[in-house]
Structure formats: C-alpha cells, structure tokens
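Asker:
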Amino acid sequence: MSVYCSPVWTMALILLLSIFLFCNQIQYSHHFLIPSREELLLVPSVAFRYHSPELPSTSNAKSTDDWVLYAQGWYFEQNPIRSLLARSVLSTTVSNIKEERVAYFTASGKRYRPLCLEGLTTQLCTKTNEEGLVSTQFRISNDNIEKFRQPGGVGGKVLFQLSTINSQQYVKSTSEIYLCDDNGISFISDIDDVSDFYFLHNHSPDLK
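Residues in the sequence shown are numbered from 0 upward in steps of one, following numbering that gives the first Met the number 0.
This is the structure in structure tokens:
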C-alpha cells in the first residue's frame, strides 16, 4: 500500500515545519538577548481564626485570638513570541482579542523562586512550586492584625505584599486578605461566577 502526497501538501508541511523551527529559534534567541517580563499575580484571599491542634476538631471548638492568613498567587514569565502566535491564530475567529488575557495563557511559571512577604509585622519567605504557583499560610496575632486592619468586606481586611529576592528582575505585587471570623457565612465566587458556600466553624445546625 502506497501513500501519495501531493506537491501542495508537501510544500504546506515544509512551510509549517519551517515556521515552527523559526519561531523556536526566535524564542530562544529572544530569551537570551532580551529577558522576558516577569510578573507576580496575587489573588485576594481570606484569613480565619487559628484553632489549636489540642482542641477538639468540632464546629464548637473554641478558637484562639490568632489568625491564620493565606497568600496565593502565580509568579510567571511572559512569552511575547508565543503570545503573538496565539493572537494571530485567534484573530481569524475572534474580533476583539485582549492581549493581556492571551499573555497569561502563553506564559510560563517560574518554578522554585523565593519570595518574601512585606506589609505585615510577620517576616515570611516562601518559594513557588513547580508550576510557579504561590500557596502559603502563616499565623499572626490579633494585636498585629488590628494594626493593619482596614475597612472591607464584613470583618475588615489587611493588605500584604510579596516581592522577589535574588532575581534578575525585582517584582512586587500587592493583594488583600479578608478577615473571616468564626461566626457567619462567606459567599465566595470563582472566575466563572459560580457561587460556592463556605460554612464557617460556628454556623447554625439549621444551615447544614
């Protein structure tokens, strides 16, 4: 059984392969000659009262005055060549393309990069994971929280910053952490606007 490839298809395959190799060469050359822009994207997060491990793990367990704060985000490097190619392909079917949104999908996470927290009294450094994601938690006293508490949400909020250390580019980003005490219900909506219900520690049994 023989397979016949027309000259047109052969030329098209050669052209596509040439474009692919050319783009890869530009990408690597660009990386070494002109460093791509690095960004740190932090998402708003929440803080809950700290519950001692010695206390019973029940909804009626009494919490301490301390807070547990969560910091989450993504440290990544933009890829202008990949972003340009993606926009070129999408432009055939999408009329209004947001360059920033495409850049997020074509970026690469910076793995195992050290970051330090600023803006609160607690000194904390962490590292990104293999995908460049930041996901860490830290404990801080209520006295320190009160020094930085600002209006926002139901229980207030605090601002914090994460910044790079020992990096070619100094990158810093600011985000907010909302304080959620033990009583009440938090409604948290994800990027698809689907509301999820988070019942906190001392909610009413009628809400189960």
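A virtual CB, placed ideally from N, CA and C, is assigned to each residue, including glycine.
1. Candidates Asn141, Cys179, Lys109 and Gly151: which alpha carbon is nearest Val133's?
2. Specify, as a first and last residue, the run of the alpha helix (DSSP H) that Tyr103 falls within.
3. Specify the secondary structure class of Gly118 as computed by DSSP and reduced to three states.
4. Would Arg112 pass as a contact of Val67 if the rule is Cβ separation under 9 Å?
5. Candidates Asp181, Lys171 and Leu178: which alpha carbon is nearest Glu37's?
6. Exposed or buried, which one is Lys156 when buried takes at least 16 other CB atoms within 10 Å?
7. Hey, how far is the Cα of Arg86 from the Cα of His50?
8. Would you kindly report the start and end of the unbroken beta strand (DSSP E) that includes Lys171?
9. Between which residues of its own chain and Thr121 is the CB-CB distance below 6 Å, once the five residues before and five after are set aside?
10. Could you tell me which residues DSSP puts in a beta bridge with Arg48?
11. Since Lys146 is in the alpha helix (DSSP H), which residue starts that stretch and which ends it?
12. Starting from Ser94 and walking both ways along the alpha helix (DSSP H), at which residues does that stretch end?
13. Given that a residue counts as buried once 16 or more other Cβ atoms are within 10 Å of its Cβ, and exposed if not, what is Leu114?
14. Among the candidates Phe159, Glu76, Val88 and Arg81, whose CA atom is the shortest distance from the CA of Phe70?
15. Give the secondary structure of Ser56 by DSSP, where H, G and I count as helix, E and B as strand, and everything else as coil.
16. So Thr163 is in the beta strand (DSSP E); what residue range does that whole segment cover?
17. Which one of Tyr103, Gly118 and Asp65 has the shortest CA to CA distance from Asp142?
18. For Leu116 versus Leu178, is the C-beta spacing smaller than 9 Å?
19. What number of angstroms, rounded off, separates the C-alpha of Ile144 from the C-alpha of Tyr74?
20. Residues in the same chain with beta-carbon distance under 6 Å from Thr135, minus the five sequence neighbours each way, listed in chain order, please.
21. What is the residue span of the beta strand (DSSP E) that Glu37 lies within?
Answerer: Quick answer:
1. The residue given as residue 133 occupies position 134 in the sequence shown. When each option's Cα is compared against that of Val133, the closest is Lys109.
2. Walking along the sequence shown from the start, residue 103 turns up at place 104. Its alpha helix (DSSP H) spans residues Glu98 to Thr105.
3. In the sequence shown, counting from the first residue as 1, residue 118 sits at position 119. Coil, per DSSP.
4. As a first step, residue 112 must be located in the sequence shown, where it is residue number 113. As a first step, residue 67 must be located in the sequence shown, where it is residue number 68. No, these two residues do not count as a Cβ contact at 9 Å.
5. Taking the sequence shown and counting its residues from 1, the one referred to as residue 37 is at position 38. For the residues Asp181, Lys171 and Leu178, the minimum Cα distance to Glu37 belongs to Lys171.
6. For the purposes of this step, residue 156 is taken as the residue at position 157 of the sequence shown. Buried, by the Cβ-count rule.
7. The residue you call residue 86 lines up with position 87 of the sequence shown. The residue you call residue 50 lines up with position 51 of the sequence shown. Roughly 48 Å between the two C-alpha positions.
8. Mapped onto the sequence shown, residue 171 falls at position 172. Lys171 to Leu178 is the span of the beta strand (DSSP E), which, as asked, contains Lys171.
9. For this step, residue 121 is matched to residue 122 along the sequence shown. For Thr121, where only same-chain residues beyond five positions count, the Cβ hits under 6 Å are Phe137 and Ile139.
10. The residue you call residue 48 lines up with position 49 of the sequence shown. Arg48 is bridged to Trp66.
11. Here residue 146 corresponds to residue number 147 of the sequence shown, with the count starting at 1. Note, Lys146: alpha helix (DSSP H), Asn141 to Phe147.
12. Looking up residue 94 in the sequence shown gives position 95. That residue, Ser94, is in no alpha helix (DSSP H); it is neither H nor E in DSSP.
13. Translated into positions along the sequence shown, residue 114 becomes position 115. That one is buried.
14. The sequence position of residue 70 within the sequence shown is 71, counting from 1. Correcting the residue type first, residue 70 is Ala in the shown sequence and not Phe. Answer by Cα proximity: Phe159.
15. As a working mapping, residue 56 is identified with position 57 in the sequence shown. Bear in mind that the predicted position of Ser56 carries a pLDDT of just 45, short of 50, making it unreliable; the figure below should be weighed with that in mind. Assigned with DSSP and collapsed to three states, Ser56 falls in coil, not helix or strand.
16. By one-based count along the sequence shown, residue 163 stands at place 164. Here the beta strand (DSSP E) through Thr163 covers Lys156 to Thr163.
17. Residue mapping note: residue 142 aligns to position 143 of the sequence shown, counting from 1. With distances taken between CA atoms, Asp142 lies nearest to Asp65 out of Tyr103, Gly118 and Asp65.
18. The sequence position of residue 116 within the sequence shown is 117, counting from 1. The sequence position of residue 178 within the sequence shown is 179, counting from 1. No, Cβ-Cβ distance for Leu116 and Leu178 is not below 9 Å.
19. For the purposes of this step, residue 144 is taken as the residue at position 145 of the sequence shown. For the purposes of this step, residue 74 is taken as the residue at position 75 of the sequence shown. In a straight line, the C-alpha of Ile144 is about 26 Å away from that of Tyr74.
20. The sequence position of residue 135 within the sequence shown is 136, counting from 1. Same-chain partners within the cutoff: Ala70 and Thr125.
21. For the purposes of this step, residue 37 is taken as the residue at position 38 of the sequence shown. Glu37 to Val42 is the span of the beta strand (DSSP E), which, as asked, contains Glu37.
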